[in-house]
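Under the UniProt record's numbering, the first residue of the sequence shown carries the number 1, and numbering increases by one thereafter. Virtual Cβ for every residue (Gly too), placed ideally from N, Cα, C.
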Amino acid sequence: MDLGQLLIALNMLQHSPCQSFGTDCKELIAMIKEPHEWPSFATELEKIETLQICFPDFKITYVPRVRNQFADFLAKTARTFRRELLFIGCSIPVWLPRPPQA
Numbered sequence: 001m002d003l004g005q006l007l008i009a010l011n012m013l014q015h016s017p018c019q020s021f022g023t024d025c026k027e028l029i030a031m032i033k034e035p036h037e038w039p040s041f042a043t044e045l046e047k048i049e050t051l052q053i054c055f056p057d058f059k060i061t062y063v064p065r066v067r068n069q070f071a072d073f074l075a076k077t078a079r080t081f082r083r084e085l086l087f088i089g090c091s092i093p094v095w096l097p098r099p100p101q102a
């Protein structure tokens, strides 16, 4: 998950019970923790700070890609679509192929 993806997720989930987010991007976590150290992203980080009001227990954690192969599979599969794909949900859509079993 990158900065833009987090912004989209926070916008779409602001009225949901989700409070915890995971990413394999250490830079994203650093941006959230120390936004003043990333002036090039000030606009996006200000939007995220504003949206965090809707998430009183907001938490973002680092999840190495090797520990989250399922999300990696979903991201790679989404890139094979020949159109824009946006989906935020708690379950895998029936039309999305299932990952191979480890």
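Under three-state DSSP, which class holds residue i?
| i | result |
| --- | --- |
| Thr77 | helix |
| residue 187 | The requested residue 187 does not occur in the structure, where the chain is confined to residues 1 to 102. |
| Glu49 | helix |
| Val94 | coil |
Mark residue i as exposed unless 16 or more other C-beta atoms lie within 10 angstroms of its C-beta, in which case mark it buried.
| i | result |
| --- | --- |
| Ile32 | buried |
| Ile53 | exposed |
| Thr43 | exposed |
| Phe81 | exposed |
| Ile8 | exposed |
| Leu21 | It is Phe, not Leu, that sits at residue 21 in the sequence shown. Buried, by the Cβ-count rule. |
Would you kindly report the start and end of the unbroken alpha helix (DSSP H) that includes residue i?
| i | result |
| --- | --- |
| residue 186 | Any question about residue 186 goes unanswered here, given that the chain covers just 1 to 102. |
| Gln5 | Leu3 to Leu13 |
Check the DSSP bridge columns for residue i and list the partner residues they point to.
| i | result |
| --- | --- |
| Phe21 | Ile60 |
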